[in-house]
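Counting from 1, position 134 in the sequence shown corresponds to residue 226 in the working numbering; the numbering is continuous, with no gaps.
Down below is the structure, laid out as C-alpha cells.
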Amino acid sequence: MPRRARLPNPSATAAIIQKRSELRPTIGLVLGSGFGGVTAAMTIEREFAYRDLPGFPTGTVPGHAGRLLIGAWQGVPLAVLSGRAHYYEGFEMAESTYSIRVLAELGIQTVLLTNAAGGINPKFKIGDYMVLSDHINLMGFNPLRGPETNGLNRFVDLSAAYDPELRGRALAAGKQAKVKVHTGVYLAVCGPSFETPAEIRAFNSLGADAVGMSTVPETIVARQHGLRVLGISCITNAAAGLGGEGHVVSHLDVMELAEQRQGHAVRLLSHLIPELPT
Ligand code: HPA
C-alpha cells in the first residue's frame with residue numbers, strides 16, 4: 093500500500109490551521125538553511141509546531157525547527173514553513189512534500205522555496221545567491237509516483253517550473269539589497285553524503301550550477317497544485333573537488349556559512365516579498 097494513503101487529506105489539516113488563524117495569506121515561504129532569520133523579522137499571528145499538525149513530519153536535522161507560521165512581513169500576509177523534512181532523513185517523498193499540499197489548500201498561490209546549495213558554477217562565490225531558472229532531478233524519485241492525489245493530474249508539465257516573472261523580481265530585489273544573485277540550474281541529489289568530485293564534474297557537464305538535497309520534490313508538488321514557484325539558493329560552499337587543495341565539504345561549514353548569511357537573506361527577502369504578486 094503506498095504510504096501516501098496514510099496521510100490525512102491536506103484540506104483537513106488546512107482547516108485546522110484556518111480555524112485558529114484569521115489571516116488568509118496567498119504567499120508561502122519555505123525556509124531552508126540560511127533563511128531562518130526571516131522569522132524574527134515577521135509579525136507572527138499564529139504558530140503551529142509540526143508535531144501538532146496531522147500529517148506534518150517532524151524533522152531530525154539540527155537547525156530545522158519544524159514550525160508553520162502564519163503572519164505578516166511589512167504588511168504582506170505569509171504562511172511560512174520553518175524547517176523541512178528531507179528525503180535523506182528517511183521520510184517518504186509524499187511525507188516530505190505534504191506541507192506543500194497543505195499550503196495549496198490554505199489558498200497559497202505563490203511559493204518561495206529557499207535552500208542551501210553547493211556551488212558548481214565557477215562564477216559563484218560562497219555567500220552568493222542563485223535564483224533557480226530550472227532544475228535537474230537526480231534524486232531518483234518523483235513525489236507524484238503512486239495513486240492520483242485528490243484527482244490532481246500526475247503528468248505535470250515542468251517546462252517552466254520556476255516562474256520567469258518572479259525570477260526577474262528576485263534579481264531586481266538582489267540589486268536593491270546589494271546582494272549578489274545569480275541565475276542558474278539546481279541539481280538535486282538524495283544525500284545525505286556529499287558528492288564525489290567526479291559526480292560534480294559530471295553535474296557540471298550536465299548543465300548544473302549548484303547542487304543540493306531539497307526543493308525539487310516541493311517544486312513538483314507545488315506545480316501539480318498550480319502554484320507559482322520561485323526558488324532561491326544560498327551558495328554555502330564550493331561543491332566537492334572545487335574548493336582547492338585539501339578542501340572538504342562539511343555539514344558544519346554549510347550550517348555556519350548559512351548562519352553568517354542570515355542578515356543578507358533577510359535583506360534580500362525584505363526587498364522581494366513586497367514585490368511578489370498576492
Ligand atoms: N552538496 C549537496 N547539498 C548541499 C551542498 C553540497 O555541496 N551544500 C549545501 N547543500
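A virtual CB, placed ideally from N, CA and C, is assigned to each residue, including glycine.
Nearest to D144 by C-alpha distance, out of A208, L173, R159, E240, is R159.
In the structure shown, the three-state DSSP call for M347 is helix. DSSP, reduced to helix, strand and coil, places V271 outside both helices and strands of the structure shown, so it counts as coil. Counting of Cβ neighbours within 10 angstroms places N242 among the exposed residues, the total staying below 16.
DSSP, read as helix, strand or coil, puts F295 in helix. Relative to the non-hydrogen atoms of the ligand HPA, the Cβ of A332 comes within a distance shorter than 8 Å of at least one. Per DSSP, reduced to three states, the secondary structure at Y254 is coil, with no helix or strand assignment. The shortest CA-to-CA distance from T307 to any of A265, S125, L115 is the one to S125.
Taking the Cβ atoms as the reference, I200 lies roughly 19 Å from P149, outside the contact range of under 8 Å.
According to the DSSP assignment, R193 belongs to the alpha helix (DSSP H) that extends over 190–198.
Separation of the CB atoms of H227 and A280 is rounded to 6 Å, and the pair is thereby assigned contact status at 8 Å. Boundaries of the beta strand (DSSP E) around S225: 221–229. Under the DSSP assignment, S174 falls outside any alpha helix (DSSP H), being part of the beta strand (DSSP E) whose first and last residues are 168–174. Note that the region 180–197 does not touch the region 131–138; fewer than 3 beta-carbon pairs, one per stretch, sit closer than 8 Å.
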